[in-house]
Amino acid sequence: MALAERTPARRRVLLASDRDDHSEDLANILENLGDVERISTQDMPDSPAGRYAGVVVDIDLTSIDSVRAIRRKLTSRTYQSLPRLFVLADGVRLESIQAWSLGATDTIRWPFDAEDILQRVRASFPDIAGGATSAAQALDAGIAAANTVMVKIFERLPAGTPLTLDDVMQAELKILKALRRTSLREWLRAIDKHHNRTYRHCLQVTGYTVAFAQHLGMREDDQRRLTRAALIHDVGKAYIPLAILDKTTALTPREEIELSKHTQIGFDVLKSHGEFPREMLDVVLHHHEMLDGTGYPDGLKGQEIADLVRMLTVADMFTLLVEERPDSPPMSNADAFTVLESLAGKLDMDMVRAFRPVAYGA
């Protein structure tokens with residue numbers, strides 16, 4: 003396979019490896035992007051920030067010693083600001099779970115696909131020099147990537163094709179880049195043309211959630227976590243009849259009950275796949291919970307509702323108020339935000355206040 007041309011890198015890539023069997027192959031691929039420092043996990047520096055664009059971890063994830071060594075390093079604050087890519091053996095689900103528990107921000111597969119690795123590293127490591135992309139191209143790529151996930155959720159998943167964590171992760175960096183290079187307003191304007199109401203809602207929630215995370219200056223890792231969660235939060239709607247999802251008049255009480263089942267259905271489906279992190283499953287199951295216990299499906303209260311869920315709930319509810327709906331006209335952003343403010347006791351008011359610039363800037 004032909005590799006991309008060598009390009010200079012402002013910083014080096016740190017390859018932490020205890021795998022003599024294929025780490026040299028990986029280093030050769032990474033050298034197409036710049037300098038690679040290959041060291042053992044035991045020799046990883048204590049203070050890597052400022053020295054590397056990111057870390058690639060190639061260890062035996064079934065080895066207790068290797069896992070302990072990498073955990074000691076990656077759980078330190080000095081590594082939290084760096085992207086962390088883990089190498090996984092293709093098809094080994096337990097390795098995926100282990101990698102995420104160790105703080106992976108993305109994964110690459112072995113046997114290696116050079117072009118795929120270079121693409122992921124360029125996207126993940128911001129200090130790696132790469133080809134310039136116009137704002138319009140970034141927006142198009144982000145929307146296309148998000149739409150691909152929607153197709154996998156709403157068309158392929160009900161037909162029996164499993165949704166994988168990798169399916170979602172392949173989209174997240176393009177979405178983040180799109181909203182960084184353009185704006186939430188441009189994102190919303192572009193997806194407003196989408197003919198499918200459910201797709202459009204999910205893409206709007208994703209846009210608001212990512213813009214919220216970026217406004218708060220959240221770490222790259224956390225922005226990616228929120229992007230993943232937003233993309234799949236309504237996965238259970240893939241199993242709700244289209245007669246309900248696409249209904250052009252108000253739902254009956256029985257139809258409302260049927261629609262509310264989407265949270266539990268989505269949770270059950272993704273949990274059965276076995277590779278989605280608990281926090282993503284939590285968002286899928288609980289994004290309609292309210293702090294006062296009046297939400298569903300579990301009637302959670304207060305601190306039982308995680309911060310990630312609270313953030314997405316604010317973005318989701320705001321989207322419901324401003325989007326076109328069959329039973330009510332869309333609200334203005336100002337009116338919708340006033341509604342959020344009126345829900346003290348149900349929504350996290352600190353989150354709502356922090357969301358204000360996002361709501362008014364869209």
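The working numbering numbers the first residue of the sequence shown as 3 and each following residue consecutively.
Glycine included, every Cβ here is placed at the ideal spot set by N, Cα and C.
Please read all numbers here as calculations on a predicted model, not as lab measurements.
Considered as a whole, the region 168-215 harbours 186-193 as its complete alpha helix (DSSP H) runs of no fewer than 4 residues, in chain order. Fewer than three Cβ pairs drawn from the region 139-151 and the region 98-117 lie within less than 8 Å of each other, which leaves the two stretches out of contact. DSSP links residue 112 through a beta bridge to 91.
When C-alpha distances from residue 276 are compared across 204, 70, 164 and 322, the shortest belongs to 164. Put simply, of 211, 224, 55 and 139 the residue whose alpha carbon is nearest the alpha carbon of residue 233 is 211. Classified as buried, residue 97 has 16 or more neighbouring CB atoms from the shown chains inside 10 Å of its CB.
Secondary structure of residue 267 (DSSP, three-state): helix.
Apart from the 5 residues on each side of it in sequence, residue 78 sits with its Cβ closer than 8 Å to the Cβ of 48 in its chain, given in chain order. Assignment of residue 155 by DSSP, reduced to helix, strand and coil, places it in the helix class. Excluding sequence positions up to five before and after residue 257, its CB lies within less than 8 Å of the CB of 246 and 249, all in the same chain and listed in chain order.
DSSP places residue 324 in the uninterrupted alpha helix (DSSP H) bounded by 309-324. Closest by C-alpha distance to residue 171, out of 187, 199 and 102, is 102. In terms of Cα proximity to residue 143, the closest of 177, 154, 215 and 159 is 177. A straight-line Cα-Cα distance of about 37 Å links residue 74 and residue 351. Judged by DSSP secondary structure, residue 69 falls within the alpha helix (DSSP H) whose first and last residues are 66-76. When secondary structure is reduced to three states using DSSP, residue 297 falls in the coil class, being assigned neither helix nor strand. For residue 197, the number of other beta carbons within 10 angstroms of its own is below 16, and it is reported as exposed. DSSP lists 14 as the beta-bridge partner residues of residue 54.
If you look at residue 39, you'll find it in the beta strand (DSSP E) that goes 38-41.
DSSP places residue 334 outside both helix and strand once states are collapsed to three, so it counts as coil.
Of the candidates 166, 126 and 317, 317 places its Cα closest to the Cα of residue 213.
The DSSP-derived three-state label of residue 249 is coil. The alpha-carbon of residue 87 is positioned some 17 Å away from that of residue 278. In the three-state DSSP reduction, residue 273 falls in the helix class (H, G or I). Distance from residue 59 to residue 36 at the Cβ level is roughly 18 Å; contact not present, criterion being Cβ atoms closer than 8 Å. According to the DSSP secondary-structure assignment, residue 346 is paired through a beta bridge with 349. Shown here for residue 26: not one same chain residue has a beta carbon closer than 6 Å to its own, the five before and five after excluded.
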